[in-house]
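Chemist:
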Amino acid sequence: MSITVRIPTPLQKFTKNKSEVTVEGKDVRELIENLEKNFPGIKERLCEENGVLRRFINIYVNEEDIRFLKMDKTPLNDGDEVSIIPAIAGG
Amino acid sequence: MSLNNEQIERYSRQILLPNVGGKGQEKLLNAKVLIIGVGGLGSPCAVYLACAGIGKLGIVDSDSVELNNLQRQILHSTKDVGRPKVESAKERINAINTDVEVIPFNLRLTSENILDIIKDYDIIVDGSDNFPTRYLVNDACVLLKKPLSHGGIFRFDGQAITILPGESACYRCLFPEPPPPGLVPSCQEAGILGAVAGVIGTIQANEVLKYILGLGELLTEKLLVFNALESSFRQVKVLRDPKCPVCGETPTITKLIDYEEFCQLRRKETE
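Top to bottom, those sequences are chains V and G. Per our numbering, the first sequence runs over residues -19 to 71. Per our numbering, the second sequence runs over residues 5 to 275.
1. Within the 9 Å Cβ cut-off, does LEU227/G reach chain V?
2. DSSP three-state label for SER16/G, please.
3. From the DSSP output, which residues share a beta bridge with HIS154/G?
4. Would the beta-carbon of ILE118/G fall within 9 Å of that of LEU140/G?
5. Going by DSSP in three states, ILE65/V sits in which element: helix, strand or coil?
6. Can a CB atom of chain V be found closer than 9 Å to the CB of GLU234/G?
7. Can you find a CB in chain G that lies within less than 9 Å of the CB of ARG9/V?
8. Within this structure, are the beta carbons of PRO169/G and VAL146/G separated by less than 9 Å?
9. I need the DSSP call for GLN29/G, collapsed to helix, strand or coil.
10. I'd like to know if the stretch 155 to 174 of chain G and the stretch -14 to 4 of chain V are in contact, where contact means that at least 3 CB-CB pairs between them fall below 8 Å.
11. What's the call for VAL4/G, buried or exposed, on a 16-neighbour Cβ count within 10 Å?
12. Let me check understanding here. Comparing Cα to Cα, which of CYS49/G, ALA93/G, LYS149/G lies closest to THR206/G?
13. Looking at the secondary structure, which residues open and close the alpha helix (DSSP H) in which ILE37/V lies?
14. Output needed for SER(-18)/V: all residues of its chain with C-beta closer than 7 Å, excluding positions within five of it in sequence on either side, in chain order.
15. Using the rule of at least 16 other Cβ atoms within 10 Å of the residue's Cβ for burial, across every protein chain shown, is PHE237/G buried or exposed?
16. For LEU45/G, go through chain V and note every residue whose CB falls closer than 7 Å to its CB, in chain order.
17. Near PRO66/V, what residues of its chain come up, given a Cβ to Cβ distance below 7 Å and the 5 sequence neighbours on each side ignored?
18. Going by the beta-carbon positions, is the gap between LEU213/G and GLU225/G smaller than 9 Å?
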């Protein structure tokens, strides 16, 4: 599965400043592993040491929060768009 | 309350709008809005709300105007550098419109004072610049069931969501906990394009106006995500979380929390 992933500004230093990357993955867990392979360091920013998604970062599959789907087992299909959205506090 | 001739002229372009009219203008003149932070977000928000004739505008900020604020904080001017922000904000708001009664709070919000400050207002605007205040404001608004317009900005990105406690998802349904101090670059370290603050602060003003006028659809149950480099606006769904620590079925947060200050730079300044 070829998935488009939207990378938020704070994480673009891992993706050579790209706001959008294409990664393979049949579910969110595999997608995160492949993101880490292509862009080392990014997983640590997304997940706690035990692999659970951090509580101030959300992952959306086509506008739906994976916390309300099947978390990292949420399946992905060709053409899906995944967005990573962190909390931001500036004002 | 009826509008005088000057008010009818001043507000004519919005009185003309379908579903606003004189009745809508009276609602605005009777409304009480609290803006937390009169910086990048609070400035444009306050300007539009002042222009629209919000009757009572509370403003909360403990900072003084610095030269580096003026790149985006459009309430303040060069002559204001060194003055408390709430003072220069009040002056500017009243220069725009004396119909607006400005209530300045030159203080930092804490778990001790926030409930007493927000209780008198119809809707709260969060334009603060740090996670501890944002979570404090969310939790306080949930506890007192006060509608909240949340806006956040970072470099070229902006986010906005409107929260109707008890009805729609709160900020903790979206992001249950703030990041630990030091993990996320904050405020002064990160940089911000001034116009991004203008876009999001103006969206917050628009949410407040719609809420008071009872018009359209609020940004509830969805997060608006703006990216300035692409000029893109996207929305993602935000559902109420039954396990939300503050507004869920069995809340674990029943009193307010003062989180540790995040921004190292700010900490140095206050030491």
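Cβ atoms here follow ideal geometry from the backbone N, Cα and C, with glycine treated the same way. On a predicted model such as this, the values are computed, not experimentally measured, just so you know.
Modeler: Short version:
1. yes
2. helix
3. ASP130/G, ILE165/G
4. yes
5. strand
6. yes
7. no
8. yes
9. helix
10. yes
11. The requested residue 4/G does not occur in the structure, where chain G is confined to residues 5 to 275.
12. CYS49/G
13. Element bounds for ILE37/V: not the alpha helix (DSSP H) but the beta strand (DSSP E), 37 to 41.
14. THR2, GLU4, ASP58
15. exposed
16. GLY71
17. PRO(-12), PRO(-10), PHE36, ILE37
18. no
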